[in-house]
Amino acid sequence: MKNKNWLIVLAAVAAGALAGYFTVKVAGNKSVETYVYPDSVVAPVRNVSISGEYPDFTYAAESSVNAVVYVKVVKHGVQPQEPSSLFEYFFGFEGVPRDQVGAGSGVIISEDGYIVTNNHVVAGATEIEVTIGDKKTFDAEIVGTDPATDVALLKIDARGLPTIPLGNSDELRLGEWVLAIGNPYGLTSTITAGIVSAKGRSMPNYSREFKLESFIQTDAAVNPGNSGGALVNIKGELVGINTAIVSQTGSYTGYSFAVPVNIIKKIVSDFKDFGSVQRAVLGISMLDNNDALKEKMKLSTNEGVYIAEVVIGGAAEAAGVKEGDVLLLIDSIEISKGTKVQEIINQHRPGDEIELTVMRGKEILNIKVGLIGRETQEMNAYNRQGNVNLFGAQLVPAPKSELEKLGLKSGVKVASVDKGKIRDAGIGKGFIITYINNNPVATPQDVAAEVKKAKRSLLIEGFYPDGNLYYYGIGL
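Quick note on numbering: the sequence shown equals residues 45 to 520 in my numbering.
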């Protein structure tokens with residue numbers, strides 16, 4: 045009898061072991077696992093979607109590192125020096141020629157030599173030299189640059205190069221592992237790891253120009269020299285181009301930022317097809333929605349973004365979008381903040397059609413919008429508002445968003461410049477006129493009135509988009 049009992053126990057143990065083995069085997073092949081968290085009172089069950097991949101970076105690192113290149117940039121310049129004689133003092137002298145040498149990283153995206161890097165890496169370059177993984181060096185040409193997104197496309201004369209496949213930055217998840225690959229401090233082929241800390245992140249913009257504000261934030265270590273390098277996921281796919289860090293020392297302090305690859309795809313395509321970026325605009329000003337805004341504006345939801353202004357002549361206005369609408373979705377993609385709107389629109393060209401889902405009061409509306417370019421928007425506004433053509437220049441009311449960036453209450457924008465006294469005076473497109481003969485102007489009609497009053501000359505005061513103040517004189 046005792047022997048029989050032992051046999052029963054052994055059979056039960058063996059059956060339990062087999063059941064456990066097959067349970068683990070089957071569960072390991074599924075993308076959704078069930079985790080049970082026991083508690084003294086209840087035992088909640090939570091279903092968690094996971095990738096099933098362990099944090100092993102060897103494949104991603106080894107398959108990507110050879111497609112990240114070292115970019116050396118030379119800028120020819122002249123170092124000023126004091127005159128060595130009275131002759132030089134009175135008749136001029138030349139400084140000492142001096143080259144500035146900089147370095148960064150780049151990513152090979154096609155086997156025939158197209159390389160993506162940052163605009164700030166190659167800006168002002170006289171010579172660009174690219175060194176690939178096998179130590180071969182090539183002269184590079186700039187195909188296109190876009191300061192707004194800090195992206196540049198280079199081309200070298202080579203074939204059969206290693207590449208990194210382009211991923212989908214929209215699919216990145218918070219907490220997902222990523223690798224930063226680049227050449228910090230000249231240490232080529234350096235790989236660091238981190239996680240996606242945030243998406244759609246904004247950064248301070250000191251130049252006041254239009255800038256991308258939808259960065260991927262990671263805690264992968266990035267230092268000077270990493271600019272233009274690759275941010276890759278665990279599958280070895282390119283998901284971003286490392287661009288900037290936030291630091292008071294100039295070195296890595298835990299925050300790094302990358303341009304999403306979905307924006308880069310569109311920019312690269314524009315450079316190849318058109319030679320420049322074809323940037324669409326929606327024509328709205330936005331505020332991120334929250335409980336405080338919902339209460340203040342008496343909205344029906346605290347989700348999405350609040351449309352504070354609809355630009356005259358813009359795509360949104362033409363489609364029927366109204367000030368006070370709450371934008372919830374673009375092409376079924378959920379909108380939680382303004383940077384997401386900018387990221388989506390930056391992936392489109394003028395002429396593309398998108399669908400907005402907005403809440404107006406308590407009503408949900410789906411509105412199709414045909415996107416246009418910024419110049420078309422300004423021309424539409426010009427034609428709509430009876431604006432003024434003065435001395436060969438088209439004058440329009442300065443957009444509210446541009447006035448706010450410059451800290452101005454009002455002004456008149458030079459939308460275009462043709463042959464005439466405005467061009468002869470040196471005034472360029474985009475200049476915002478604030479005063480004429482010391483009198484403030486807020487509309488094109490104000491400008492026309494001041495010109496009519498003037499007898500001999502005009503003193504024109506105003507700002508360019510970079511914030512610089514200029515004065516111009518025009519004789520009548």
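We put the beta carbon where it would ideally sit given N, CA and C, even for glycine.
What do you reckon, are the CB atoms on residue i and residue j nearer than 9 Å?
i	j	result
ILE471	VAL485	no
ILE595	ALA459	Only positions 45 to 520 of the chain appear in the structure, and residue 595 is not among them; the question remains open.
VAL112	ILE152	yes
VAL402	LEU447	no
ASN333	GLY319	no
GLY226	GLY272	yes
ILE351	SER329	yes
GLU173	VAL115	yes
VAL305	GLY211	yes
ARG245	ILE260	yes
GLU397	VAL413	yes
LEU282	PRO209	yes
LEU452	ILE480	no
SER279	TYR103	The residue you asked about is not Ser; residue 279 is Lys in the sequence shown. Contact flag set, yes.
VAL440	ASP490	no
GLU540	GLY327	The structure shown has nothing for residue 540, since the chain only spans 45 to 520.
GLY150	LEU216	no
THR262	SER241	yes
GLY177	VAL109	yes
GLY148	GLY269	yes
GLY506	LYS465	no
GLY405	LEU331	no
VAL145	LYS119	yes
LEU450	PRO488	no
TYR296	ILE289	yes
GLU399	SER380	no
ALA437	ILE476	no
ARG393	ASP314	yes
PRO300	ALA265	Reading the sequence as shown, one finds Ser at residue 300 and not Pro. Yes; because the gap between Cβ atoms is below 9 Å, this pair is in contact.
Between which two residues does the beta strand (DSSP E) holding residue i run?
i	result
ALA352	349-354
GLN489	Segment 488-497 is the alpha helix (DSSP H) holding GLN489; no beta strand (DSSP E) there.
VAL165	Unbroken run through VAL165 is the alpha helix (DSSP H), 163-166; no beta strand (DSSP E).
LEU223	221-226
ARG245	234-245
GLU505	501-507
ASP332	328-332
LEU415	Element bounds for LEU415: n/a, residue is neither H nor E.
LEU275	274-277
Could you tell me which residues DSSP pairs with residue i in its beta bridges?
i	result
SER460	GLN438
ALA302	ILE260, ASN286
ILE483	Sequence inspection shows Asn at residue 483; the Ile mentioned does not correspond to that position. ILE480.
ILE518	LEU502
ASN267	In the DSSP output, where bridge partners are listed per residue, ASN267 has none listed.
LYS119	GLN144
LEU513	PHE507
VAL321	Beta-bridge pairing links VAL321 to no other residue.
TYR296	TYR296 is not bridged to any residue.
TYR34	Here the chain comprises residues numbered 45 to 520, so residue 34 is not present and cannot be evaluated.
ASN433	GLN438
Hey, could you find the ends of the alpha helix (DSSP H) residue i is sitting in?
i	result
ASN306	305-318
ALA104	102-108
GLU446	444-450
ILE466	465-469
LEU337	335-341
Count the C-beta pairs between the stretch 210-223 and the stretch 410-425 that are closer than 8 Å, then say yes if the count reaches three, no if not. Touching, no.
Please confirm if the stretch 152-169 is in contact with the stretch 350-357, defined as three or more CB-CB distances below 8 Å between the two stretches. no
Counting only runs that start and end within the stretch 357-411, where is the beta strand (DSSP E) found for 3 or more residues in a row? 370-374, 397-404
Validate contact between the stretch 186-195 and the stretch 160-170 using beta carbons, cut 8 Å, 3 pairs: Contact between the stretch 186-195 and the stretch 160-170 is present: three or more C-beta pairs spanning the two stretches fall below 8 Å.
Length at least 3, wholly inside the stretch 140-224: the beta strand (DSSP E) runs in chain order: Those beta strand (DSSP E) runs which fall completely within the stretch 140-224 and span 3+ residues are 140-152, 158-161, 171-175, 181-190, 195-200.
Given 8 Å, three or more beta-carbon pairs between the stretch 358-377 and the stretch 335-348: yes
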